[in-house]
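Undergrad: Take this structure, written in structure tokens, and hold onto it; I'll ask about it next.
There are 2 protein chains.
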Amino acid sequence: MTYNVQIKVMPLKDLLDPQGKAVLGGLQNLGLGNVADVRVGKHITLQIDAENEAAAKQIADEASKKLLANPVMEFYEIEFVN
Amino acid sequence: MTYNVQIKVMPLKDLLDPQGKAVLGGLQNLGLGNVADVRVGKHITLQIDAENEAAAKQIADEASKKLLANPVMEFYEIEFVN
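Chains A and B are the protein sequences, given in the same order.
At position 18 of the first sequence (counting the first as 1) the number is 369 in my numbering, and the numbers step up by one without a gap.
At position 78 of the second sequence (counting the first as 1) the number is 429 in my numbering, and the numbers step up by one without a gap.
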């Protein structure tokens, strides 16, 4: 079966996020001063062929650990969609 | 009130996604051949000060249109989290 998996990779909460700071500055220049904090990460969708959801989750987990996220600077969350 | 808003910005479905193709190749080199398709986009979290959810949604919408997403190549989705 084919599973649609969404992986969110975001900078760790304790770390500075220069890209987010830049976006925040840009928004304030556009007059959107009500925005207080911005963080920017990656959103990745995978189509995984697997026997069941547990197997698909394991593949997504391995992909995140080995390639998609850098655990020193980022955390990831895996979500299934239909 | 402060609202936590998540914005997902992804390449349009009809367009090629070179970054996704590169990730797909990388995953196959790592032996994860069960992954069939990859698309890579941005995930942005905003903290918005607004009177109500509708006002916060409008600010997020304006931010997406003016700065975060390029409508020629990308679509966006706004989601509220608590």
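No residue lacks a Cβ here, since even glycine has one placed at the ideal position from N, Cα and C.
None of these values were measured; they are calculated from a predicted model.
(1) Does the region 384 to 392 of chain B come into contact with the region 371 to 386 of chain A, if we say contact requires no fewer than three beta-carbon pairs (one atom in each stretch) closer than 8 Å?
(2) Please list the terminal residues of the continuous beta strand (DSSP E) segment that includes aspartate 388(B).
(3) So what does DSSP say about valine 423(A), is it helix, strand or coil?
(4) When the Cα atoms are used, what is the spatial distance from valine 391(A) to lysine 416(B)?
(5) Leaving out the 5 sequence neighbours to the left and right, which residues in its chain are closer than 7 Å to valine 432(A) when beta-carbon positions are compared?
(6) Please return the same chain residues whose Cβ sits closer than 6 Å to the Cβ of glutamate 430(B), not counting the five positions on each side in sequence.
(7) Short check: CB of glycine 377(B) to CB of leucine 418(A), under 8 Å?
(8) In the DSSP assignment, find the unbroken beta strand (DSSP E) run with lysine 359(A) in it and report its ends.
(9) Taking only beta-carbon atoms, is leucine 381(A) less than 8 Å away from chain B?
TA: On the basis of the coordinates in this document:
(1) no
(2) 386 to 400
(3) coil
(4) 16 Å
(5) Asn355, Gln357
(6) Gln357
(7) yes
(8) 353 to 362
(9) yes
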